[in-house]
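Below is one structure, written out as structure tokens, with a few remarks after it.
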Amino acid sequence: GLVTALSSGALAQDLTGKVIGFSQIGSESGWRAAETSVTKLQAEERGIDLKFADAQQKQENQIKAIRGFIAQGVDAILIAPVVATGWDDVLTEAKEAEIPVILLDRGIDAPEDLYLTSVASDQVLEGRVAGEWLVNEVAGEECNVVELQGTVGSSPAINRKQGFEEGIASAANITITQSQTGDFTRSKGKEVMEAFLKSSNGGADICAVYAHNDDMAVGAIQAIKDAGLKPGEDILVVSIDAVPDIFTAIAAGEANATVELTPNMAGPAFDALAAYWANGTEPEKFIITESKLYTAADDPAGEYERRKGLGY
Ligand code: GZL
């Protein structure tokens, strides 16, 4: 089952009795919900008393939750920081209280001594892989791309935009004609894609949509269908996360490619804390998780099945 799958290989470190606060962004996407369920399972498996706080995607709620954890005197704090700035004060308070902080799945612009380690993917690479896939797919044909950005000011939105631009830089035939935030949600992704379609000759001028996460891509797919076009054919669809629903779309030919992001950021975080507490081992400052491209050639139906049990 999930527990065995997650702790296969290295025996999960026993952290019985440790109280750890987790300031989670919210549940804006299928991937975020999976990260939450995997983190809770990893905590249970290791005997951790996890204090969970959902911020509904508001930084002020995260800061409030973190201050609450500090007042409670927790042993450590996990934070998935909704945006990259505005953390220095509260993290300084945690440091002064000698509570180690670990960042999950997003980075921040702050002095590195304010957190023990950051567990995240290489988000620039994710964007570059998506861009390079599109370059190969269109093979020299003129291609106008529309971009659905993640949450404004978040490290994945900044990095995935940069990476995609790097990935298509060599292809003069590919142009990003429209780019706007869909805030990582299906509903906003659909709404923004509807606007993109309206302002581009009903979509006739759009060759591809690049979405910073699969949930916005799924919303865009609905908008493309509503406009009477075939997603995956009339308009190519490439995104990031590799959640089960994108594999359903890929298997149906309605999406073309996704870049995998593991929801298990907590496993490496808890292992780092165990080593830090057991023998003072300072972890690497940046623990980078793998990013892997999946297309219709990679058994999408099987990938769907493989993920269904993994906390999504
Ligand atoms: C990326 C993570 C992003 C996911 C989205 O590491 O922060 O946030 O790609 C989620 O699905 O909303």
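Residue numbers (mature numbering (1 follows the signal peptide of the UniProt record, and there is no 0)): -12 to -1, 1 to 300.
Glycine included, each C-beta is placed from N, C-alpha and C at the ideal position.
Since the structure is predicted, the reported quantities are computational estimates derived from the model, not experimental observations.
Taking a 10 Å sphere around the C-beta of Q60, we find fewer than 16 other C-beta atoms and assign the residue as exposed. Taking the Cα positions, V140 is about 27 angstroms away from A160. Fully enclosed beta strand (DSSP E) runs of no fewer than 3 residues occupy 224 to 229, 245 to 248, 274 to 277 of the segment 215 to 280, in order along the chain. If you draw a 10 Å sphere on the C-beta of Q12, you find 16 or more other C-beta atoms in it, and that means buried.
N201 sits in coil when the DSSP states are folded into three classes, being neither helix nor strand.
A contact is defined here as three or more CB-CB pairs under 8 angstroms, and the segment 95 to 106 fails this definition with respect to the segment 156 to 172.
Residue state for G170 is assigned as coil, using DSSP reduced to three classes.
For D42, DSSP records a beta bridge to Q12. Taking one beta carbon from each stretch, the segment 114 to 123 and the segment 238 to 248 have 3 or more pairs nearer than 8 angstroms; the two touch. In this chain, N189 is not harboured by any alpha helix (DSSP H), its DSSP state being neither H nor E. Boundaries for Q1: no alpha helix (DSSP H) harbours it, and the DSSP string shows neither H nor E there.
Taking C-beta atoms under 8 angstroms as the contact rule, D233 and G18 qualify, at a distance of about 6 angstroms. Here L102 carries a helix assignment [DSSP, helix/strand/coil].
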